[in-house]
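If you read the sequence shown in our numbering, its first letter stands for residue 1, the second for the next number, and so on.
For every residue, glycine included, the Cβ atom is placed at its ideal position computed from N, Cα and C.
Please read these numbers as outputs of a predicted model, since none were measured by experiment.
Here's the structure we're looking at; comments come further down.
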Amino acid sequence: MYPVANVLSIARLASTGRVALVYALQLHRLLNLASASITAAAHSDADASHIRDVLGSASDLTRQLLTAGKRPAHDLATIDLGELVDRMREIIGMLAGSEAIVVVVRDAVRVRTRANHGDLEQLLINLIDGPIGTNLGRRITIASGLLEWQGGTTTSGELAAGTYATLTVTDDQRTQSTPIPGTCDACGATPAIGIAFACALAVSCGGALDVAPTADGVLEHRVLLPVAA
């Protein structure tokens, strides 16, 4: 059986492929903006500043894509979950579809956890389904907060009682649970895309993933993570 760290590393790289096209499309859009600005530029300071901003954003996207699957598993940092979602909002919107509405709700307090930054990005991305139907009126809500968990069974297994930092994703068009396949009995491999991979990442961060229906029948995907001081 392969070591768990190696299995998750392979899955991270495979999951990165899902967002590679999104980054590439966004990069293409930014470079087109820069080209249009250069063509129409009147050689003013404002035009030059706009071009620098667009090219800087394109450079950042390229860096993110190149490093997304390569962050060492031991590279831990204290991460504010609200800030993480804010930074990823545009990418999430592109994954969900052009007609989707992405709403971000942050708790009044700062909610922090200590984890691998790339793992949390991948975890959040894998909780977002691709475009569903026409996406007309589709609303995805992502909330961060704190939760007093009483202990018990979650979708990804048992979780001890305590205070946890949470990321909650609800999609008003997702009302049926996605079956969660287990790991491979022979090699311990974790499915690299979707809820199964999100479960594995949540557990590797010391937390859990819990999927449950809300009062109006929409599925809520709630990630529970250890709170950082």
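Pick from the options that is closest to residue i, judged by C-alpha positions
i, options, result
"residue 154", "123, 209, 120, 53", "209"
"residue 94", "205, 117, 130", "130"
"residue 175", "117, 204, 216", "216"
"residue 102", "110, 109, 92, 108", "92"
"residue 226", "140, 116, 27", "116"
"residue 171", "163, 142, 157, 151", "142"
"residue 206", "120, 128, 145", "120"
"residue 56", "30, 128, 75, 79", "30"
"residue 157", "204, 112, 163, 168", "204"
"residue 168", "36, 76, 211", "211"
"residue 198", "126, 79, 99, 36", "126"
"residue 36", "51, 26, 27", "51"
"residue 138", "26, 159, 164, 99", "99"
"residue 81", "26, 27, 146", "146"
"residue 124", "83, 160, 162", "83"
"residue 85", "173, 140, 54, 177", "140"
"residue 173", "88, 220, 26, 106", "220"
"residue 26", "163, 148, 90", "90"
Status (buried if at least 16 other CB within 10 Å, exposed otherwise) for residue i
i, result
"residue 196", "buried"
"residue 38", "exposed"
"residue 223", "buried"
"residue 32", "exposed"
"residue 214", "exposed"
"residue 122", "buried"
"residue 1", "Since pLDDT at residue 1 reaches only 39, below the 50 mark, its modelled position is unreliable, and the value read off the structure follows with that caveat. Exposed is the call here."
"residue 3", "Residue confidence for residue 3 is low, a pLDDT of 46 falling below 50, so the modelled location carries little weight and cannot support an answer."
"residue 110", "exposed"
"residue 166", "buried"
"residue 150", "exposed"
"residue 113", "buried"
"residue 118", "buried"
"residue 202", "buried"
"residue 229", "exposed"
"residue 54", "buried"
"residue 49", "exposed"
"residue 34", "buried"
Residue i - containing beta strand (DSSP E), residue span
i, result
"residue 158", "157-159"
"residue 227", "From DSSP, residue 227 is part of no beta strand (DSSP E); its letter is neither H nor E."
"residue 171", "162-171"
"residue 175", "It is not in any beta strand (DSSP E) - residue 175 carries neither H nor E in the DSSP assignment."
"residue 152", "152-154"
Residue-level contact to chain C via CB, residue i, 7 angstroms cutoff
i, result
"residue 173", "As a matter of chain content, chain C is missing from the structure shown, which is built from one protein chain."
Terminal residues of the alpha helix (DSSP H) in which residue i lies
i, result
"residue 82", "81-96"
Residue i: CB within 6 angstroms of a non-hydrogen atom of the ligand ADP
i, result
"residue 217", "The ligand ADP is not part of the structure shown, which contains no ligands of any sort."
task = Jot down the residue ranges of each uninterrupted beta strand (DSSP E) in the segment 198-225, minimum 3 residues, whole runs only, in chain order.
result = 208-213
Ranges of the alpha helix (DSSP H) found wholly within the segment 105-148, counting only runs of at least 4 = 117-125
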